[in-house]
Amino acid sequence: MTPESLVLTRYGVRFAGRLFPCSSGEGGLTANKREGDKATPVGTHRIVGMYYRPDRVLAPQPWAVPVGPRDLWSDASGKPDYNQHVKAPYSHSFECLRRADPLYDIVLVTDWNWPDAEANKGSAIFLHQWQSRGFGTQGCVAFRRDHLHWIAARVQLGTKLIVGQR
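According to numbering that gives the first Met the number 0, the sequence shown is numbered sequentially starting from 0.
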């Protein structure tokens, strides 16, 4: 069975017969993604993983991986572990997967520039909780908390996130 796609439109993300409002990159959409440009990359990306905070939420899927205080994501362009899950201590640039705020209580990981990351092509294109409606992301796609939980409970490994030019 082929998983249904998540399709980013100007009105939100279509998935499983529903339309979910979302936020995407503060820098807009781009066909030429660069590290730090705050843009969401155009293309078809697949869901390759899911992380969750076990002290805050239940696992949305049996394949979701719990995160702890040492779990990080490398955004150190040019390093061998660029755009990979890493553990603290880590001496290069990174993003914490276990945040004080709820934005990463559930994180869906896409295959953008993964697993063999090309330097400076961008890292960590996630689906996660939004800060607030209309607040742009660093390139990720973000949702209202209850919508993200609904999506996470139904998405499968390999589900496509389709991001087209608007």
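Just so it is clear, CB atoms sit at the ideal spot from N, CA and C, and this is done for glycine as well.
Predicted model, so just to flag it, every value in this text is computed and none were measured.
By DSSP's criteria, residue i is part of a beta bridge. Which residues make up the other side?
i: residue 139; result: Residue 139 is not bridged to any residue.
i: residue 105; result: 51
i: residue 44; result: 160
So the alpha helix (DSSP H) residue i belongs to, where does it begin and stop?
i: residue 124; result: Looking at the DSSP string, residue 124 is not in any alpha helix (DSSP H), and its letter there is neither H nor E.
Using a Cβ-Cβ cut-off of 8 Å, state whether residue i counts as contacting chain C.
i: residue 50; result: Absent from the structure: chain C. Only one protein chain is present.
With DSSP collapsed to three states, give me the class of residue i.
i: residue 62; result: coil
i: residue 129; result: coil
i: residue 234; result: In the structure as shown, the chain starts at 0 and stops at 165, and residue 234 therefore has no counterpart that could be examined.
i: residue 33; result: coil
i: residue 233; result: Outside the shown range of the chain, which is 0 to 165, sits residue 233, and nothing can be said about it.
i: residue 0; result: Confidence is the limiting factor: at residue 0 the pLDDT is only 33, short of 50, which leaves the residue's position unreliable, though a coordinate-based value still follows. Coil at residue 0, not helix or strand.
i: residue 153; result: helix
i: residue 85; result: strand
i: residue 24; result: strand
When you measure from the CB of residue i to every non-hydrogen atom of the ligand FMN, does any distance come out below 7 Å?
i: residue 91; result: Among the ligands in the structure shown, none appear at all, so the ligand FMN cannot be discussed.
For the beta strand (DSSP E) that residue i lies in, which residues bound it at each end?
i: residue 159; result: 159–162
i: residue 7; result: 5–8
i: residue 11; result: 11–14
i: residue 70; result: 70–73
i: residue 18; result: 17–19
For this session: Please confirm if the segment 36–49 is in contact with the segment 142–149, defined as three or more CB-CB distances below 8 Å between the two stretches.
Result: Contact between the segment 36–49 and the segment 142–149 is absent: fewer than 3 CB-CB pairs across the two stretches fall below 8 Å.
Exercise. Are three or more beta carbon pairs between the segment 58–69 and the segment 25–40 nearer than 8 Å?
Worked result: As far as the Cβ criterion goes, the segment 58–69 does not touch the segment 25–40, which means the pair count is below three.
Exercise. Looking at C-beta atoms only, is the number of pairs between the segment 66–86 and the segment 130–141 that lie closer than 8 Å three or more?
Worked result: Put simply, the segment 66–86 does not touch the segment 130–141. Fewer than three CB pairs are less than 8 Å apart.
For this session: Check whether the segment 37–44 touches the segment 109–121, taking contact to mean three or more Cβ pairs, one atom from each stretch, closer than 8 Å.
Result: Segment contact: the segment 37–44 against the segment 109–121, three or more CB-CB distances shorter than 8 Å; contact assigned.
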